[in-house]
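So in the working numbering the end of the sequence shown lands on 429, straight run, no missing numbers. Here is the structure we will look at, set down as structure tokens.
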Amino acid sequence: MESEVLEWESPMFAEAVGQFDRVAKFIGLDENVAARLRTPQRSLVVTFPFRRDEYGEVDTLYGYRVQHVLTMGPTKGGIRYAPDVNLGEVAALAMLMTWKCSIVGLPFGGAKGGVRVVPQGLTRAEMQRVTRRYTAEIINFIGPSTDIPAPDLGTNEQVMAWLMDTYSQHVGHATPAVVTGKPPELGGSIARREATGRGVVSLLPSAAAHVGLEVDGARVAIHGFGNVGRYAAIAAAEIGCRVVAVSDISGGLYNPAGLPIAKVTEWVDSHGTLEGCPEGEPISNEEVFLVDCEILIPAAVGGVITDENAHDVTAKVVLEGANNPTTGAADVILDDRGVFLVPDILANAGGVTVSYFEWVQDLQNYFWSENEIVGRLREIMSRAFDDVLAVSEKRQVNMRTAALIKGIERVAQAKLVRGVYP
Ligand code: NAD
Numbered sequence: 008m009e010s011e012v013l014e015w016e017s018p019m020f021a022e023a024v025g026q027f028d029r030v031a032k033f034i035g036l037d038e039n040v041a042a043r044l045r046t047p048q049r050s051l052v053v054t055f056p057f058r059r060d061e062y063g064e065v066d067t068l069y070g071y072r073v074q075h076v077l078t079m080g081p082t083k084g085g086i087r088y089a090p091d092v093n094l095g096e097v098a099a100l101a102m103l104m105t106w107k108c109s110i111v112g113l114p115f116g117g118a119k120g121g122v123r124v125v126p127q128g129l130t131r132a133e134m135q136r137v138t139r140r141y142t143a144e145i146i147n148f149i150g151p152s153t154d155i156p157a158p159d160l161g162t163n164e165q166v167m168a169w170l171m172d173t174y175s176q177h178v179g180h181a182t183p184a185v186v187t188g189k190p191p192e193l194g195g196s197i198a199r200r201e202a203t204g205r206g207v208v209s210l211l212p213s214a215a216a217h218v219g220l221e222v223d224g225a226r227v228a229i230h231g232f233g234n235v236g237r238y239a240a241i242a243a244a245e246i247g248c249r250v251v252a253v254s255d256i257s258g259g260l261y262n263p264a265g266l267p268i269a270k271v272t273e274w275v276d277s278h279g280t281l282e283g284c285p286e287g288e289p290i291s292n293e294e295v296f297l298v299d300c301e302i303l304i305p306a307a308v309g310g311v312i313t314d315e316n317a318h319d320v321t322a323k324v325v326l327e328g329a330n331n332p333t334t335g336a337a338d339v340i341l342d343d344r345g346v347f348l349v350p351d352i353l354a355n356a357g358g359v360t361v362s363y364f365e366w367v368q369d370l371q372n373y374f375w376s377e378n379e380i381v382g383r384l385r386e387i388m389s390r391a392f393d394d395v396l397a398v399s400e401k402r403q404v405n406m407r408t409a410a411l412i413k414g415i416e417r418v419a420q421a422k423l424v425r426g427v428y429p
């Protein structure tokens, strides 16, 4: 059916499917399985009223939750609040979550959700009302054994606490395992907050070794200074790298001698953004990708490394902390230029890995020590990196294709052995 219009159609969904199709062809994937994996299994679109603090102002908001594949266990994936969230974006990200969970060997399929709203201007009370009403709208779609949300762009531990509370009020008992990335007081895991950024940087030494770079003194540029970017900066500085540039929505900060990350973090905590921070020279967000550095960590939004700037990226290694930061065209350019890119579905899998630990701890009501969590995270990340590198070398493909091969093959195998119902 050539004229068929799919509800998820969007440039980002087309890119995710294009990537999948290339790999499916390359590995000779069973076409029936490929057809099932090409579209999300379940998609929910909701609209709901949102009363602003100004009592008379009521907006209609759009919310989404997509579950890509339910074969592997419950689905897992973040919830984002951003002005451009749409079904196509959420569906693409849900698919990427499936491959990500599969690469690190978690018993989850991928999901993603979001609300189309500008989170920056919302008061605490407004944020809470958006979260509680969105949760109520998707309540029959989520649950500890069906679909477990987590934080993403524009959402945080507090949002997860409201989500957990709303769900628990509806079912009549506390249900911590319905969401991960909660505050530790509610059954959140120690080290979840730092997990994604630290997980990204846990791969830095192996990636650097692969291209013959010294970690000590290596210059790192980080786009985004939220949950992922900030902890990536802290972890990079801890292992002896020089973080020369960081940025957030207000712009960037550059210091070729290395930014004092503790002071920059303090500034952001007290001022909200990097704007005006005296620890470096102000630069634009675009310049963060172009400063002289060995390692580049995009850790903010998608689609930022493009065919317009990829030629001028100076880094030898790109670790994708954000989801989908590199466009398909830029990917080819970086690859041709010999840049070693560790893709999002591998590099930022530390977040979902510790989310998995959190879910397991909540279900068992038994909590692990920080050492156990950090140790297990490192072990899983480093095994996944080695596995993907081995596929890349064996099949002579780049790390993104290798990661997709590893992710897709496990899910496809599971689908084949489960068979078709009825
Ligand atoms: P966050 O909201 O905590 O931080 C986002 C950061 O990006 C902030 O510093 C913000 O100012 C900046 N930013 C927003 N829009 C920008 C723009 N247009 N240009 C430049 N900077 C901008 O979000 P986060 O949780 O750190 O997530 C960042 C990325 O990492 C997202 O792509 C997300 O999907 C991905 N990710 C997050 C996690 C997690 O555990 N939080 C896990 C895996 C992947």
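Idealized CB from N, CA, C, for every residue including glycine.
Quickly, what does DSSP pair residue 54 with across the bridge? List them, please. 69
Tell me which same chain residues have a C-beta within less than 8 Å of the C-beta of residue 421, skipping the five on either side of it? 78 and 79
Does the beta carbon of residue 170 fall short of 7 Å from some heavy atom of the ligand NAD? no
Give me the Cα-Cα distance between residue 303 and residue 266, rounded to the nearest whole angstrom. 15 Å
Can you grab the Cα-Cα spacing for the pair residue 244 / residue 273, in whole Å? 15 Å
Go to residue 82, then tell me how far its beta strand (DSSP E) extends in each direction, as first and last residue. 82-89
May I ask you to check if the CB of residue 159 is nearer than 7 Å to at least one heavy atom of the ligand NAD? yes
What are the boundary residues of the beta strand (DSSP E) that includes residue 249? 249-255
Going by DSSP, what residue range makes up the alpha helix (DSSP H) through residue 3? Any answer about residue 3 is impossible in this case: the structure gives the chain only from 8 up to 429.
Neighbourhood of residue 290 by C-beta, 8 Å cutoff - its chain only, sequence neighbours within 5 removed: 252, 254, 258, 259, 260, 261 and 298
Length at least 3, wholly inside the stretch 89-134: the beta strand (DSSP E) runs in chain order: 116-123
From what residue to what residue does the beta strand (DSSP E) around residue 154 run? 154-158
Determine the direct distance from the alpha carbon of residue 137 to that of residue 351, and round the result to whole angstroms. 28 Å
Let's test the definition: count the other Cβ atoms within 10 Å of the Cβ of residue 97 and tell me whether it reaches 16, buried, or not, exposed. buried
If you draw a straight line from the C-alpha of residue 386 to the C-alpha of residue 207, how long is it? 13 Å
What's the C-alpha gap between residue 151 and residue 182? 8 Å
Would you mind sorting residue 369 into buried or exposed? The rule is 16 or more other CB atoms within 10 Å of its CB. buried
Where do the N-terminal and C-terminal ends of the alpha helix (DSSP H) with residue 344 fall, by residue? First-last for residue 344: undefined, no H or E at that position.
Is residue 228 near the ligand NAD - that is, is its Cβ less than 7 Å away from at least one heavy atom of it? no
Quick check on residue 63: buried or exposed, where buried means 16 or more other Cβ atoms within 10 Å of its Cβ? exposed
Assign residue 378 to buried or exposed, taking buried as 16 or more other Cβ atoms, counted over all protein chains shown, within 10 Å of its Cβ. exposed
Excluding sequence positions up to five away, which residues of its chain have a Cβ less than 6 Å from the Cβ of residue 333? 312
Using a Cβ-Cβ cutoff of less than 8 Å, which residues in the same chain neighbour residue 408 once the five nearest sequence positions on both sides are dropped? 29, 30, 33, 399 and 402
Quickly, what does DSSP pair residue 289 with across the bridge? List them, please. 260
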